[in-house]
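Chemist: This is the structure I have questions about; it appears just below.
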Amino acid sequence: MRDDSSVSALVARAQAGDQPAWNELVERYAPLVWSICNRYRLSRPDIDDIGQTVWLLLVEQLGNIRQPAALPGWLATTTQRECLRVLKAASRYDSVGSSVDSQVLRDQSTPVIEQEVIAAELHAELRTAFANLPARCRQLLSMLLSDPPHSYAEISATVPIAIGSIGPQRARCLEKLRRSPALAALSDLEVEGGEVSGARASETGGARA
Amino acid sequence: MRDIWDDERLLAALKEALEADEAVPPEFIELGKNAYAWHNIDAELAQLTYDSSREPQAGLSLRAEAASIRALTFTSAHLTIELEVSEDSVLGQVIPAQPGVVEIQGREGTTAAIEADDVGCFLIRPIPDSPFRLRFRTADGSDILTGSITL
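Line order of the protein sequences matches chains A and B. Taking the numbering used here, the leading residue of the first sequence gets 1, the next gets one more, and so forth. Taking the numbering used here, the leading residue of the second sequence gets 1, the next gets one more, and so forth.
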């Protein structure tokens with residue numbers, strides 16, 4: 001996996017005892033841990049427990065990390081292992097054990113994990129790039145992305161911006177996003193099928209009980 | 001990327017990225033941040049290495065203690081903590097035997113502290129009704145944190 005200088009820097013600072021750097025790492029990768037947990041039909045307390053265990057294990061391993069770029073992969077496999085451990089314990093009491101087994105087998109496939117890790121990295125870079133946009137761009141894009149969508153009239157009144165400028169401004173903001181260093185470094189990741197496939201897979205696979 | 005991603009795809013990807021982040025409950029992130037409190041506390045994690053409730057039937061019938069309904073073992077590099085769960089209490093044993101303090105750590109922090117006697121035995125009563133971890137500390141600096149326990 002590629003080297004990521006910002007993750008490397010965060011890991012180095014966390015190793016040196018910097019809580020804010022640790023917090024950034026947690027914020028960056030909590031969505032990855034969370035989405036993997038949600039692929040399994042686990043209760044919320046179980047998921048919290050698994051999350052806590054994964055981060056405790058990372059604290060313990062922090063001094064041993066040689067390749068920070070491998071961190072998301074480590075988090076993903078560790079989260080999956082802890083999920084399977086909890087599932088295994090639960091399946092003893094589960095009369096529909098066979099369905100759990102098949103689910104486990106399906107989810108254990110490495111490609112799913114790899115896709116999730118790639119998608120998580122892409123998402124993290126997108127969020128970083130977004131956070132570094134000028135406030136006006138963040139506000140405009142947020143309003144354009146909101147669900148249900150805001151009308152151009154609402155956007156025009158809130159930002160404020162002339163209705164005729166929304167389109168051009170949107171294009172300029174997206175261009176800024178595209179050119180941000182965080183995203184530029186990812187150009188080699190965005191090839192296979194040209195889709196953020198990991199995210200889709202985790203969404204469809206994450207049917208919740 | 002500049003060429004592959006048009007505005008619509010970039011916007012869709014950004015939407016996914018922001019939604020993936022918003023889906024995570026704040027408390028889940030807090031648990032992660034709080035885990036850093038263990039940095040520099042040289043605590044070893046002791047993982048669950050045996051749980052009688054996960055063993056086949058034969059494992060249970062071999063156990064002589066009729067009162068024990070569940071046995072758990074947590075192992076770290078230097079210590080083993082064995083737990084015997086009965087109706088209303090948990091009997092613990094630290095191996096190698098040594099005195100120390102056992103803290104019961106709930107989600108919100110330490111809920112109780114009990115002494116382990118000279119042979120490393122301790123008794124938890126009543127049984128905690130929410131998930132907890134045990135932290136065992138000795139005067140000479142051993143510091144062990146077990147995996148999460150739900151009884």
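Where a beta carbon is used, it is the ideal one built from N, C-alpha and C, also for glycine. Values in this document were obtained by computation on a predicted structure and should not be read as measured data.
1. Would you kindly work out how many angstroms separate the C-alpha atoms of Leu11 of chain B and Phe130 of chain A, rounded to a whole number?
2. List, in chain order, every chain B residue whose beta-carbon is nearer than 7 Å to that of Ser35 of chain A.
3. Whose C-beta lies closer than 6 Å to the C-beta of Ile163 of chain A among residues of the same chain, with five residues either side of it excluded?
4. For Val112 of chain A, decide whether its Cβ has a neighbour in chain B, counting only Cβ atoms nearer than 8 Å.
5. From B:Asp6, B:Ser142 and B:Leu123, pick the residue whose C-alpha is nearest to that of Leu45 of chain B; which is it?
6. DSSP three-state call for Gly17 of chain A: helix, strand or coil?
7. Just reading off the alpha helix (DSSP H) that Ala157 of chain A is part of, what are its end residues?
8. Exposed or buried, what is Gly198 of chain A when buried is set at 16 or more other beta-carbons lying within 10 Å of its beta-carbon?
9. Select from the segment 34-53 of chain A all residues with a C-beta closer than 7 Å to any C-beta belonging to chain B, and list them in chain order.
10. Asn23 of chain A touches chain B at which residues, Cβ-Cβ below 7 Å?
11. Less than 8 Å between CB atoms is the rule here; does Gln19 of chain A satisfy it with respect to chain C?
12. Taking just the CA atoms, how far does Pro181 of chain A sit from Met1 of chain B?
13. Give a yes or no on whether the C-beta atoms belonging to Gln15 of chain A and Gly63 of chain A are separated by under 8 Å.
14. Taking Phe74 of chain B as the reference, which of B:Leu151, B:Thr146 and B:Thr150 has the closest Cα?
15. According to the Cβ coordinates, are Val102 of chain B and Phe122 of chain B closer than 8 Å?
16. Does the segment 26-45 of chain A come close enough to the segment 116-133 of chain A to have 3 or more Cβ pairs within less than 8 Å?
17. Measuring only the C-alpha atoms, how far is Leu183 of chain A from Glu125 of chain A?
18. Quick one, which of A:Val54, A:Val59 and A:Asp147 has its alpha-carbon nearest Arg81 of chain A's?
19. Pop quiz: Asp7 of chain B and Leu174 of chain A are said to be a contact at Cβ under 8 Å. What is the actual Cβ separation, rounded to whole angstroms?
Modeler: Checking against the coordinates, here is how it stands:
1. 11 Å
2. Ala20
3. Tyr152 and Ser156
4. no
5. B:Ser142
6. coil
7. Tyr152 to Thr158
8. No answer about Gly198 of chain A holds up, because its pLDDT of 40 lies below 50 and its placement is not dependable.
9. Trp34, Ser35, Pro45, Asp48, Asp49, Gly51, Gln52 and Thr53
10. Lys33
11. As a matter of chain content, chain C is missing from the structure shown, whose protein chains are A and B.
12. Residue placement at Met1 of chain B cannot be trusted, given a pLDDT of 47 that sits under 50; the coordinates are not used to answer.
13. yes
14. B:Thr146
15. yes
16. yes
17. 6 Å
18. A:Val54
19. 5 Å
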